[in-house]
Amino acid sequence: MPRRAVPLRVSDVMVREVVTAGKNTPVKEVANSMYEKKIGSVVVVDEAGRPVGIVTERDLVYVCAKGLSADTPIWMVMTENPVTIAEDAPLLDAVEKMRELNVRHLPVVDKEGKLVGILSVRDVLDLAAFLIRIRE
1 MPRRAVPLRV
11 SDVMVREVVT
21 AGKNTPVKEV
31 ANSMYEKKIG
41 SVVVVDEAGR
51 PVGIVTERDL
61 VYVCAKGLSA
71 DTPIWMVMTE
81 NPVTIAEDAP
91 LLDAVEKMRE
101 LNVRHLPVVD
111 KEGKLVGILS
121 VRDVLDLAAF
131 LIRIRE
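Each residue of the sequence shown is one higher than the one before, starting from 1 at the first, in the UniProt record's numbering.
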């Protein structure tokens, strides 16, 4: 009898330790966190832990290009209402959503909409490299 493949879920691949910020956090603090932790995004959350924005390297390029102050509150440059994915969603759904919307980071939420992780293109590529290696 052939084995049935178990589909991977977002929760199988996501990173659970997400760097977050509040809406009034200065741009320089967010940029420093990204630099020190070697990450490409910070999720902006409300008091309940729900994502209300996301800041990526692209947003920081905008800050520099427009000559904004490093003390600018992050809400002024974040992408509001970021696209999210449920932690129990199939990984393929997340990959297709990232490709279709041209985003590299997806905040992962639980059933209450609270942030529980983040999925990045890098996480998916790491998985793909692992799967290729074990097949060789």
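Backbone N, C-alpha and C fix where the C-beta goes; we use that ideal spot for every residue, glycine too.
- Across the set D88, A129, N24 and S33, the C-alpha of N24 shows the shortest separation from the C-alpha of D46.
- For the pair A129 and M34, the Cα-to-Cα distance works out to about 24 angstroms.
- The beta carbon of V83 sits closer than 7 angstroms to the beta carbons of K97, L101, V103 and L106 from its chain, once the five residues preceding and following it are set aside; these are given in chain order.
- Residue range S41 to V45 is occupied by the beta strand (DSSP E) that includes S41.
- The DSSP-derived three-state label of E17 is coil.
- Bridge pairing for A86: V109 [DSSP].
- For I118, the uninterrupted beta strand (DSSP E) run begins and ends at L115 to S120, by DSSP.
- When DSSP states are grouped into helix, strand and coil, V63 belongs to the helix group.
- The Cβ atoms of R50 and V109 lie closer than 9 angstroms to each other.
- Taking 8 angstroms as the upper bound for CB-CB distance, V95 and V77 are not in contact here, some 27 angstroms apart.
- Less than 9 angstroms divides the Cβ of G22 from the Cβ of I74.
- Close CB contacts of L127 within its chain, under the 6 angstroms cut and outside five residues either way in sequence, are with V13 (chain order).
- Under the three-state reduction of DSSP output, R9 falls in the strand class.
- Looking at the backbone, the Cα of S120 and that of V15 are separated by about 8 angstroms.
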